[in-house]
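Protein chains in written order, with our numbering: chain A, 616 to 831; chain B, 616 to 831; chain C, 36 to 262; chain D, 36 to 262. All C-beta atoms, glycine included, are put in the ideal place defined by N, C-alpha and C.
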Amino acid sequence: MKKLDRKEMAARVARDIPEGAYVNLGIGLPTLVADYLPKGKDIFLHSENGILGMGPKPPEGEQDPDLVNAGKEPVTLLTGGAFFHHADAFAMIRGRHLDFAVLGAFQVSVAGDLANWHTGAPDAIPAVGGAMDLAVGAKNVLVMMEHLTKSGESKIVERCTYPLTGARCVNRIYTDLAVIDVKPDGLHVVDMVEGLSFDELQRLTGVALKKTAIAA
Amino acid sequence: MKKLDRKEMAARVARDIPEGAYVNLGIGLPTLVADYLPKGKDIFLHSENGILGMGPKPPEGEQDPDLVNAGKEPVTLLTGGAFFHHADAFAMIRGRHLDFAVLGAFQVSVAGDLANWHTGAPDAIPAVGGAMDLAVGAKNVLVMMEHLTKSGESKIVERCTYPLTGARCVNRIYTDLAVIDVKPDGLHVVDMVEGLSFDELQRLTGVALKKTAIAA
Amino acid sequence: MIDKSVASAEAALADVPDGATVMIAGFGGAGQPVQLIEALIAQGARELTIVNNNAGNGDAGLAALIAAKRVRKILCSFPRQADSWHFDKLYRAGGIELELVPQGTLAERIRAAGAGIGAFFTPTAYGTKLAEGKETRRIGERDYVLEYPIHADYALVKADRADRWGNLVYRKSARNFNPIMASAAKCTVAQVREIVPLGALDPEVVVTPGIFVKRVVKIAASLRKAA
Amino acid sequence: MIDKSVASAEAALADVPDGATVMIAGFGGAGQPVQLIEALIAQGARELTIVNNNAGNGDAGLAALIAAKRVRKILCSFPRQADSWHFDKLYRAGGIELELVPQGTLAERIRAAGAGIGAFFTPTAYGTKLAEGKETRRIGERDYVLEYPIHADYALVKADRADRWGNLVYRKSARNFNPIMASAAKCTVAQVREIVPLGALDPEVVVTPGIFVKRVVKIAASLRKAA
């Protein structure tokens, strides 16, 4: 079994984004997805700070301090993009106009609860940003995360032990081991990395998985 | 006693609008006020359909069907004006950004209740437009109306018999006979037309007036 | 390549079903999608719920849709006008339902639908007949009425220019209800004077970003003049 | 003649009293009114409530205001950053109150203040710690949390250009919180790169109409570079 690295995970998510989709890529790992979206297809990246049609990083020396993404990194605007203010940017999110939000996570529950903003540590200073808005707003919430914590525990859990970002909001989970759909009747494995058996994935995950959705 | 005509009433209202004011002039009689605002002073006219800095009627032949006021009549835009959408136009109203709304009325009560949208007749088709928004939203609601109905009854009343546009919202009443402030302790006459005595105004009005505010 | 342009107003509205809620933008003639309304009349859908500031003028456009008895219910702020005779007649005969909404509340309810707001408290209409039966609340020193969003299946809007991604810009006070209605419908159809190449619209100036627009129809100059 | 321009950032903020609620726009460096923040630091008002997306970065600007213990409370969505050490230290010591608000709810609460909305139901944060103790309601098929507007005494915004009536246009993603904060304060002060003659701003393109702006300060190019 060969785990996907971060780039391979990003490429795997990118494969599922169809042309014409309006997409918000969360800060961190999800941002990588942009690099693997098919060139020449119109996919519209949205940023919470008022950008639709966000383009790639500018070349060194061409950064514009007035043109940054939600992670405050320099970006560009595609031909055909548009700027708007923060309330309008979140109206797009909350009003269910985004087809996909791709978010990182600490934990996802079998019910699709998402925990990605707070470890729950008593001394941690909380910060939420736009995560809660994206979790409830996007038509499809895709989570990208490593399957296991550093200590080997499954991040897919029966119930989240970390504080929730949103309840019953995750539609699909992309990990370094598998792609899993969250449905009302449970977790359906869509595909797995080469060399990984369903039984092994089930053993590592800890919560019940279904294999009916795996392509033959 | 000489009653003010409609133009004189409009000129009287215009005298009270200071430079720098943001003002919405209601459909009908209040629209006339625009003609009497001092030239050369910056007064900002707002229109519900998304205009700030509205200018006078265009000359014949220069009307633009895309540039109309809330009464759907052709207008112009002053240099320095701006366009915006309907929700933003009413955000300005409801959010208390307008200094003055000048509205027509069927009746105003001693408490400042305004009735100007519906006669209450059972067969009337109701229509409200932006009147209720202006009544609650503007910092100062100025009413312009004839003092008496055609049958000689006072339009300033103890309690409105017509359906309300807004409760306790009127600040000042301009009629063809007098200017009257609506205050928590009652109605204060500010000025009267030449040749009209306070006692005669009191007799015509029917509800208690105070004369302490009349300039010597 | 995404190209939201559609060949004709008829094609753009072919799938409107009976019973649909349709927003029609414009304020008087300004920003009114005349050719889309005509296409909706030709299309034949019945039992429509219409959202517009008015209830039709004269004999054309929305008035003709009403006269053809295709409208079950209308939400508007100002139905009664000198030339709203088709609505007046049908309303008095009990043939059309009216939900009268103050203009600012109408705009805000439409905006709320587009923005995913479940309900909001507005001071407008508190203490009046139009708040009767509605939930009210004192917040701070003002009294408010609870109002709900107005969602639509279709929004018919008129813009000046569009590009193939559906970005729209308007002209002067023809903007009015167009941008908010565009945001509040599942399927927004825009009629435009001109479809310009991608990049011809300044990104600072786009009023309705393409995310809100499904279909764009260019109306030929000859048709525009005829209307 | 109305001319909202003011000679300096210091003059524009001279009347900020202790205890004021001050919105500071910007998202990172983009659209951040740096010179106004510096003037606020110099001005000396204490016990401020600050509304910003973050809680200061590095040692300058909002971070310096916090370090000087001039901020009693901050409302923001993302206080914790790699370089938010002044806030972090003061917060852990109990020296500053934090109201953490999801970013979209923060934006909508600011917009609601400007738009005269008394409260609104948003789906964001339902079922999370940030909704604890708040009123909730199921409307249709979604669950919502009731949120209230955030009003301010002052808003410090940064625009690209202004005219003497206070009309503002922004540049690219530097727009962000600026237009909504401008609408939500009793006194909005805008720092701008340039003050242009009346009429130089296209009326279709004005993002913040002058009705929302009380004072405009042009920041000299030399100062802008130094910041």
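Residue i versus the options, residue with shortest Cα-Cα distance
{"i": "Gly-781/B", "options": "Gly-727/B, Val-772/B and Ile-642/B", "result": "Gly-727/B"}
{"i": "Gly-745/B", "options": "Lys-656/B, Ile-658/B and Glu-663/B", "result": "Glu-663/B"}
{"i": "Ser-724/A", "options": "Lys-617/A, Ala-626/A, Glu-623/A and Gly-821/A", "result": "Gly-821/A"}
{"i": "Arg-250/D", "options": "Gln-70/D, Arg-206/D, Asp-188/D and Thr-223/D", "result": "Thr-223/D"}
{"i": "Val-797/B", "options": "Arg-783/B, Met-807/B, Glu-688/B and Pro-737/B", "result": "Arg-783/B"}
{"i": "Val-638/A", "options": "Glu-768/A, Ile-795/A and Leu-718/A", "result": "Leu-718/A"}
{"i": "Pro-645/A", "options": "Ala-830/A, Val-751/A, Pro-799/A and Thr-790/A", "result": "Thr-790/A"}
{"i": "Ile-230/D", "options": "Ala-220/D, Glu-132/D and Asn-202/D", "result": "Asn-202/D"}
{"i": "Asn-211/D", "options": "Leu-792/A, Ala-830/A, Gly-655/A and Ala-685/A", "result": "Ala-685/A"}
{"i": "Phe-659/B", "options": "Ile-246/D, Lys-253/D and Ala-190/D", "result": "Ile-246/D"}
{"i": "Val-57/D", "options": "Arg-107/D, Asp-94/D, Leu-233/D and Ala-103/D", "result": "Arg-107/D"}
{"i": "Pro-737/B", "options": "Tyr-777/B, Asp-703/B and Gly-810/B", "result": "Tyr-777/B"}
{"i": "Arg-621/B", "options": "Val-648/B, Gly-801/B and Ile-666/B", "result": "Val-648/B"}
{"i": "Ala-209/C", "options": "Lys-687/B, Phe-813/B, His-733/B and Arg-774/B", "result": "Lys-687/B"}
Separation of residue j from residue i, as counted between CA atoms
{"i": "Lys-754/A", "j": "Phe-715/A", "result": "6 Å"}
{"i": "Asp-53/C", "j": "Arg-172/C", "result": "38 Å"}
{"i": "Met-36/C", "j": "Ala-629/A", "result": "17 Å"}
{"i": "Ile-771/A", "j": "Val-758/A", "result": "11 Å"}
{"i": "Phe-721/A", "j": "Ile-85/C", "result": "46 Å"}
{"i": "Leu-619/B", "j": "Glu-761/B", "result": "9 Å"}
{"i": "Glu-634/B", "j": "Ala-625/B", "result": "17 Å"}
{"i": "Ala-255/D", "j": "Phe-62/C", "result": "43 Å"}
{"i": "Asp-50/D", "j": "Ser-40/D", "result": "16 Å"}
{"i": "Ala-128/C", "j": "Ile-740/B", "result": "12 Å"}
{"i": "Ala-262/D", "j": "Arg-81/D", "result": "Residue placement at Ala-262/D is poorly supported in this model, since its pLDDT is 45, which falls under 50; the coordinates are not used for a value here."}
{"i": "Phe-698/A", "j": "Pro-244/C", "result": "8 Å"}
{"i": "Asn-89/C", "j": "His-700/B", "result": "17 Å"}
{"i": "Ala-154/D", "j": "Ala-42/C", "result": "44 Å"}
{"i": "Cys-111/D", "j": "Ile-101/D", "result": "13 Å"}
{"i": "Gly-139/D", "j": "Asp-748/A", "result": "6 Å"}
{"i": "Gly-64/D", "j": "Ile-642/A", "result": "17 Å"}
{"i": "Gly-79/D", "j": "Arg-105/D", "result": "8 Å"}
{"i": "Gly-655/A", "j": "Leu-693/A", "result": "12 Å"}
{"i": "Leu-713/B", "j": "Ala-636/B", "result": "8 Å"}
Exposed unless 16 or more other CB atoms sit within 10 angstroms - verdict on residue i
{"i": "Ala-766/A", "result": "Reading the sequence as shown, one finds Ser at residue 766/A and not Ala. With fewer than 16 Cβ atoms within 10 Å of its Cβ, Ser-766/A is classed as exposed."}
{"i": "Ser-257/D", "result": "exposed"}
{"i": "Pro-671/B", "result": "exposed"}
{"i": "Lys-193/C", "result": "buried"}
{"i": "Pro-114/C", "result": "buried"}
{"i": "Met-707/A", "result": "buried"}
{"i": "Arg-206/C", "result": "buried"}
{"i": "Lys-169/C", "result": "exposed"}
{"i": "Leu-824/A", "result": "buried"}
{"i": "Asp-650/A", "result": "exposed"}
{"i": "Glu-815/A", "result": "exposed"}
{"i": "Thr-157/D", "result": "buried"}
{"i": "Arg-627/B", "result": "buried"}
{"i": "Thr-163/D", "result": "buried"}
{"i": "Ala-46/D", "result": "exposed"}
{"i": "Asp-118/D", "result": "exposed"}
Residues that DSSP places opposite residue i in a beta bridge
{"i": "Ile-795/A", "result": "Ile-788/A and Val-804/A"}
{"i": "Pro-689/A", "result": "Val-683/A"}
{"i": "Asn-202/C", "result": "Bridge partners of Asn-202/C: none, in fact."}
{"i": "His-701/A", "result": "Bridge partners of His-701/A: none, in fact."}
{"i": "His-661/A", "result": "Asn-639/A and Leu-667/A"}
{"i": "Phe-113/C", "result": "Asn-89/C"}
{"i": "Ala-629/A", "result": "DSSP output for Ala-629/A lists no bridge partner at all."}
{"i": "Thr-223/C", "result": "Ala-190/C"}
{"i": "Arg-319/C", "result": "The structure shown does not extend to residue 319/C, since chain C is modelled only from 36 to 262, so the question has no answer here."}
{"i": "Thr-820/A", "result": "None; Thr-820/A has no bridge partner."}
{"i": "Ile-771/B", "result": "Val-723/B"}
Near the ligand NAD: residue i beta-carbon under 7 Å from a heavy atom
{"i": "Gly-61/C", "result": "Judged by which ligands are present, the structure shown has none, so any question about the ligand NAD falls away."}
Cross-chain neighbours of residue i in chain F, by beta carbon under 7 Å
{"i": "Leu-729/A", "result": "Among the chains of the structure shown, chain F does not appear; the protein chains present are A, B, C and D."}
Legend entry - Length at least 3, wholly inside the region 721 to 764 of chain B: the beta strand (DSSP E) runs in chain order: You should have 722 to 724 and 755 to 759.
Inset, instruction - Let me know the alpha helix (DSSP H) ranges lying completely inside the region 116 to 199 of chain D, each 4 residues or longer, listed in chain order. - result: 120 to 127 and 138 to 150
Inset, instruction - Kindly provide the ranges of any beta strand (DSSP E) runs that are 3 or more residues long and lie completely inside the region 49 to 109 of chain D, ordered along the chain. - result: 56 to 59 and 83 to 86
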